[in-house]
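Chemist: Okay, so the sequence shown: first residue is 16 according to my numbering, each after it adds one.
Cβ atoms here follow ideal geometry from the backbone N, Cα and C, with glycine treated the same way.
I have a structure here, written as structure tokens, and I will follow up with some questions on it.
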Amino acid sequence: MTDHVDTSPPPGQPIDPELLELAHQVFDLARRGDAAMLAAVIEKGVPPNLRNDKGDSLVMLASYHGHADAVRTLLELGADPNLRNDNGQTPIAGAAFKGFDKVIESLLAHGADVEGASPDGRTALMIAAMFNRTAIMELLIAHGADPKARDANGVTAMDAAGRMGAGDAQARLKELGS
16 MTDHVDTSPP
26 PGQPIDPELL
36 ELAHQVFDLA
46 RRGDAAMLAA
56 VIEKGVPPNL
66 RNDKGDSLVM
76 LASYHGHADA
86 VRTLLELGAD
96 PNLRNDNGQT
106 PIAGAAFKGF
116 DKVIESLLAH
126 GADVEGASPD
136 GRTALMIAAM
146 FNRTAIMELL
156 IAHGADPKAR
166 DANGVTAMDA
176 AGRMGAGDAQ
186 ARLKELGS
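Set out below in structure tokens:
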């Protein structure tokens with residue numbers, strides 16, 4: 016995930032190169048998971064829902080890179096746990112894809128939608144099932160994820176696990192009656 020911050024200034028106003036550099040540094044703080052510095056810059060006025068040109072928020076970047084402390088800090092400072100990027104992806108779906116259960120726990124504790132469905136209806140549970148992440152599947156189901164939910168193509172978590180050859184996920188979903 017790279018940042019290509021929109022450098023086009025408002026009509027009649029040049030963009031401050033120092034401000035652009037600061038934005039890049041803040042996005043890097045989220046990627047590195049520097050919770051203390053993120054808190055400091057937000058307390059100085061950086062919006063907690065700052066987004067790059069792809070719509071990735073600070074929470075999305077910290078989630079995708081597995082930084083549960085940074086995610087928790089951002090959420091405690093007012094960041095939206097459900098803010099989608101320009102592709103319609105949620106932080107919880109990104110964390111499910113990457114296998115970061117502690118990030119998911121933090122997101123759920125701060126109000127993230129447990130389904131975290133993308134525009135095509137693919138849920139975080141479906142993503143976890145696809146990649147055989149049974150611990151994450153159990154966490155999501157314990158928080159109310161629907162194992163029988165279907166995406167836009169009618170695919171369930173069980174179907175997604177089957178297509179990817181995720182045998183452990185299939186077995187666990189079968190145990191749950193899915």
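Give the straight-line distance between the Cα atoms of residue 51 and residue 33, rounded to the nearest whole angstrom.
Modeler: 22 Å
Chemist: How would you call residue 23, buried or exposed, if buried means at least 16 neighbouring beta carbons within 10 angstroms?
Modeler: Residue confidence for residue 23 is low, a pLDDT of 49 falling below 50, so the modelled location carries little weight and cannot support an answer.
Chemist: Among 89, 42, 114, which residue has its Cα nearest to the Cα of residue 68?
Modeler: Residue 68 has its Cα closest to that of 42, out of 89, 42, 114.
Chemist: Helix, strand or coil for residue 165? Go by DSSP, reduced to three states.
Modeler: coil
Chemist: When we look at the beta-carbon of residue 48 and count the other beta-carbons within 10 Å, is it buried (16 or more) or exposed?
Modeler: buried
Chemist: Based on Cα-Cα distance, which residue from 170, 130, 169 lies nearest to residue 152?
Modeler: If we check each option's Cα against that of residue 152, 130 comes out closest.
Chemist: Just to confirm my understanding: we take residue 97, look at its own chain, exclude 5 residues before and 5 after, and list those with CB closer than 7 Å. What are they?
Modeler: 105, 127, 128
Chemist: Skipping 5 residues on each side, what residues in its chain have a beta carbon closer than 6 Å to that of residue 90?
Modeler: Excluding positions up to five away in sequence, the list reads 96, 125.
Chemist: When DSSP labels each residue in this structure, what does residue 119 get in the three-state scheme?
Modeler: Secondary structure of residue 119 (DSSP, three-state): helix.
Chemist: Quick one: what does DSSP say residue 78 is sitting in, helix, strand or coil?
Modeler: helix
Chemist: Given the structure, does residue 161 come close to the ligand MG, in the sense that its CB is under 8 Å from one of the ligand's heavy atoms?
Modeler: Here there are no bound small molecules, and the ligand MG is not part of this structure.
Chemist: Put residue 187 into one of helix, strand or coil per three-state DSSP.
Modeler: helix
Chemist: Distance, Cα to Cα, residue 145 vs residue 35?
Modeler: So the alpha carbons of these two residues sit roughly 38 Å apart.
Chemist: Name the two residues that bound the continuous alpha helix (DSSP H) containing residue 157.
Modeler: 149-157
Chemist: Going by DSSP, name the residue or residues bridged to residue 99.
Modeler: DSSP, once it has assigned bridges, lists no residue as partnering residue 99.
Chemist: DSSP on residue 137, reduced to helix/strand/coil?
Modeler: coil
Chemist: Exposed or buried, what is residue 55 when buried is set at 16 or more other beta-carbons lying within 10 Å of its beta-carbon?
Modeler: exposed
Chemist: Does the Cβ of residue 37 have 16 or more other Cβ atoms within 10 Å, making it buried, or fewer, making it exposed?
Modeler: exposed
Chemist: Can you list, in chain order, the residues of its chain with a C-beta nearer than 7 Å to that of residue 116? Leave out the 5 residues immediately preceding and following it.
Modeler: 150, 151, 154
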